[in-house]
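I have placed the structure first, in the form of structure tokens, so that the comments after it can refer back to it.
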Amino acid sequence: MGLITTEPRSSPHPLSPRLVHELGDPHSTLRATTDGSGAALLIHAGGEIDGRNEHLWRQLVTEAAAGVTAPGPLIVDVTGLDFMGCCAFAALADEAQRCRCRGIDLRLVSHQPIVARIAEAGGLSRVLPIYPTVDTALGKGTAGPARC
Numbered sequence: 069m070g071l072i073t074t075e076p077r078s079s080p081h082p083l084s085p086r087l088v089h090e091l092g093d094p095h096s097t098l099r100a101t102t103d104g105s106g107a108a109l110l111i112h113a114g115g116e117i118d119g120r121n122e123h124l125w126r127q128l129v130t131e132a133a134a135g136v137t138a139p140g141p142l143i144v145d146v147t148g149l150d151f152m153g154c155c156a157f158a159a160l161a162d163e164a165q166r167c168r169c170r171g172i173d174l175r176l177v178s179h180q181p182i183v184a185r186i187a188e189a190g191g192l193s194r195v196l197p198i199y200p201t202v203d204t205a206l207g208k209g210t211a212g213p214a215r216c
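My numbering runs 68 ahead of the 1-based position in the sequence shown.
The following block contains the structure:
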């Protein structure tokens, strides 16, 4: 699947046209696609996430999470990223907390050891479970009841 543009998933809560436009801008360093399957929603991210596009990343994660129904999950695949700044982890941790309150798991997909090391060093490994593949993240089961 190419990570050139953002496509809203067909659901009652698609990504906003503004977000789709910003992510599709040829000058954007962040690329993403979303894909839905049942109650689950998947974000495939590519490019870079840093302070220059943190607002765009937060908006993407927030809008995608709004389209997920319990039990979810929301799966964020960052295997296509070339750079993932600490701000990206903070945005994911914030959204993971909001998702948990709704009975939804946010699951991070990466096979890069540095992603797990950064999550561990930042005390986020319990908030952001990391899976090596999308298939393992999808096969993990459901979140269960809301827990804030």
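We put the CB at the ideal spot given by N, CA and C, even for glycine.
Every value quoted in this text rests on a predicted model; they were computed, and no experiment measured them.
Output the distance between the C-alpha atoms of residue i and residue j, rounded to the nearest integer angstrom.
i: Val129; j: Val136; result: 11 Å
i: Val177; j: Gly92; result: 23 Å
i: Val183; j: Phe151; result: 10 Å
i: Glu163; j: Leu192; result: 12 Å
i: Arg185; j: Ile198; result: 11 Å
i: Gln180; j: Asn121; result: 22 Å
i: Thr101; j: Cys167; result: 20 Å
i: Glu90; j: Leu98; result: 9 Å
i: Ile117; j: Ser105; result: 25 Å
i: Ala134; j: Gln127; result: 11 Å
i: Ala138; j: His123; result: 25 Å
i: Thr82; j: Gly190; result: A quick correction: the sequence has Pro, not Thr, at residue 82. Approximately 32 Å between the Cα atoms of the pair.
i: Gly207; j: Cys155; result: 28 Å
Is it the case that the Cβ atoms of residue i and residue j are separated by a distance below 8 Å?
i: Thr148; j: Gly119; result: In the sequence as presented, Thr is not what sits at residue 148; that position holds Gly. Against a cut-off of 8 Å, the Cβ pair of Gly119 and Gly148 comes out as no contact.
i: Leu109; j: Leu142; result: yes
i: Ile111; j: Val144; result: yes
i: Ala113; j: Val88; result: no
i: Phe157; j: Ala187; result: yes
i: Ala161; j: Trp125; result: no
Who pairs with residue i in a beta bridge, going by DSSP?
i: Phe151; result: Glu116
i: Arg99; result: Gly114
i: Ser105; result: Ala108
Using only alpha-carbon positions, find the residue among the options that is nearest to residue i.
i: Pro85; options: Thr201, His95 and Glu131; result: Glu131
i: Ala107; options: Gly140, Arg170, Gly190 and Ala133; result: Gly140
i: Gly115; options: Asp203, Arg175, His95 and Gly190; result: His95
i: Arg11; options: Gly190, Pro200, Cys155 and Cys169; result: Here the chain covers residues 69 to 216 and nothing more, so residue 11 does not appear.
i: Cys169; options: Ala138, Cys216 and Val202; result: Cys216
i: Gln165; options: His123, Arg194, Asp203 and Pro82; result: Arg194
i: Val202; options: Asp103, Leu83 and Pro82; result: Asp103
Quick check for students: name the residue ranges of the alpha helix (DSSP H) that lie wholly in the segment 119-191, counting only runs of 4 or more. 122-134, 154-169 and 181-189
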